[in-house]
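The sequence shown begins at 92 in the working numbering and counts up by one.
One structure is given below, encoded as structure tokens.
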Amino acid sequence: MKSSTSKPSFLADSLKRKIIFFTGKGGVGKTAMAWATALALQRQKQRVKIVSWSPFNNPSENSALKDFGIPWEQLDSVSCFKEYALKTLKFEKFFDAVFDNKILKAFIGAAPGLPETVIAGKVWDLFDRAEQDTLIVDLPATGHALSFFKSPMGIEKMFASGFVHRQAGQICDMFIDPRARLDIVTLPEEMPILETQQFVESALNLAHFPLGFLLVNQCTPDFPIPNPLPKELSREVTNCLIDHQNRVRRETLVLKEASNLPLVIKKLPRFSTEVLKETIERLAESLAESLES
């Protein structure tokens, strides 16, 4: 997607997509960015749905997100497997007789790649039914997101033909669909950028994913500062301005390391609020701006 001549508008490109995947190193604001994108699209009269798969998070922690009124489904492998099996078996009593929750959890946990493939299958079902204009998929951190993409590909190869092969193939086709996009959220810091580089390399070794934007969260705003600084400034103000300049320089150097990635870099500012709902609203405004930086 990266272009050497012009940068696409984040919102304009998002309006064209049927499914957008979000991942990133833990703690970079991935979920906030996914929700901000959904909110920005909703404000453009798009029908948006969010699905989240965070197997290590407590779903109740993000209860405030329901205030936005965006359709939201939190996925877990046991429920998704049961839904899939019932569609196949079409007989709930038989299913309940064979699998209780403990047996089912043990079965899914013991089968390599099955939890990820089951979740991916549910995402494909929502994508295929197309009851929304855009499906936003909030994936776990990069390591588990890679397993999400990798597992159905392994299942497709494992079964050379038949029903399972066809279903896994449909999931893999969704990953590389031209109407899809994979965005990565990061911070202007060395470790998140390094993890992003590693994820992109690993992902592109799997398939030609439609990589989209590198969303750099919590960037320090850059504004002109007189050089030399006026002597009449207090020591505290002078030190604050020097620290600010140094932070901007560090972030600029770090982001140069990401400039060779096949992603369009979009910088998002650092906000003073720590309230998730307010952060999402302000991010949505920033994402909707036509000027790309």
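For each residue, glycine too, the CB sits at the ideal point set by N, CA and C.
Treat the numbers as computed from the prediction; the structure is a model and nothing was measured.
Can the beta-carbon of residue i be found closer than 8 Å to that of residue j?
i: D274; j: I111; result: yes
i: A375; j: L106; result: no
i: L226; j: F218; result: yes
i: P353; j: L297; result: no
i: L237; j: S293; result: yes
i: L367; j: A123; result: yes
i: F159; j: W126; result: yes
Quick check: the Cα distance between residue i and residue j, rounded to an integer number of angstroms?
i: I284; j: E342; result: 11 Å
i: L195; j: C310; result: In this predicted model, L195 has a pLDDT of only 49, less than 50, meaning its place in the structure is not dependable; the value taken from the coordinates is given anyway. Distance between the alpha carbons of L195 and C310 is about 44 Å.
i: K357; j: L305; result: 6 Å
i: Q289; j: F266; result: 19 Å
i: D224; j: V139; result: 6 Å
i: M244; j: V169; result: 21 Å
i: L346; j: P279; result: 6 Å
i: A103; j: L295; result: 25 Å
i: V228; j: V255; result: 23 Å
i: R108; j: S252; result: 30 Å
i: V355; j: E323; result: 42 Å
i: E383; j: F250; result: With a pLDDT of 43 at E383, under the threshold of 50, the predicted position of this residue should be treated as unreliable, and no value is reported.
i: K173; j: D313; result: 51 Å
i: F198; j: E247; result: With a pLDDT of 47 at F198, under the threshold of 50, the modelled position of this residue cannot be trusted; read the value that follows with caution. Roughly 20 Å separates the two Cα atoms.
i: T233; j: V119; result: 11 Å
i: K178; j: P99; result: 41 Å
i: D167; j: Y175; result: 12 Å
i: Q133; j: S377; result: 15 Å
i: F240; j: R361; result: 31 Å
i: E372; j: P162; result: 17 Å
i: Q135; j: A379; result: 10 Å
i: R81; j: L359; result: Residue 81 is absent from the model: the chain starts at 92 and stops at 384.
i: S325; j: H235; result: 49 Å
i: S363; j: F113; result: 24 Å
Between which two residues does the beta strand (DSSP E) holding residue i run?
i: V119; result: Segment: none, V119 is in no beta strand (DSSP E) and carries neither H nor E.
i: G303; result: L302 to C310
i: W163; result: W163 to Q165
i: P360; result: V355 to P360
i: V366; result: Premise fails: V366 is in no beta strand (DSSP E) and is neither H nor E.
i: S143; result: V139 to S143
i: R229; result: Before going on, a small fix: residue 229 reads as Asp here, not Arg. Run containing D229: T225 to D229, per the beta strand (DSSP E) assignment.
Taking residue i as the reference, which of the options has the closest Cα?
i: T128; options: R340, L352, S252 and R272; result: R272
i: P317; options: Q336, L302 and S252; result: Q336
i: L320; options: G117, C331 and L132; result: C331
i: F300; options: Q288, D268 and F314; result: D268
i: C171; options: I210, L230, V339 and E280; result: I210
i: G115; options: V276, E372, S363 and L354; result: V276
i: P315; options: V339, R108 and K322; result: V339
i: Q137; options: E222, F362, A349 and S377; result: E222
i: L156; options: F101, T370, C263 and A379; result: T370
i: I262; options: M282, E281 and T208; result: T208
i: D264; options: V214, L166 and A349; result: V214
i: E348; options: E365, T364, E372 and E286; result: E286
i: S350; options: E372, S363, D334 and V307; result: V307
i: M282; options: A125, G117 and F101; result: G117
i: S143; options: Q135, E164, E372 and D158; result: E164
i: P231; options: M92, I161, K121 and R257; result: K121
From what residue to what residue does the alpha helix (DSSP H) around residue i run?
i: N330; result: R326 to K347
i: P243; result: T233 to M249
i: L217; result: L205 to R220
i: L102; result: F101 to K107
State yes or no: is the C-beta of residue i nearer than 7 Å to some heavy atom of the ligand ADP?
i: P321; result: As presented, the structure is devoid of all ligands, the ligand ADP included, so that no description of it is given.
Between residue i and chain B, is there a C-beta pair that is closer than 8 Å?
i: N308; result: Included in the structure is just one protein chain, with no chain B present.
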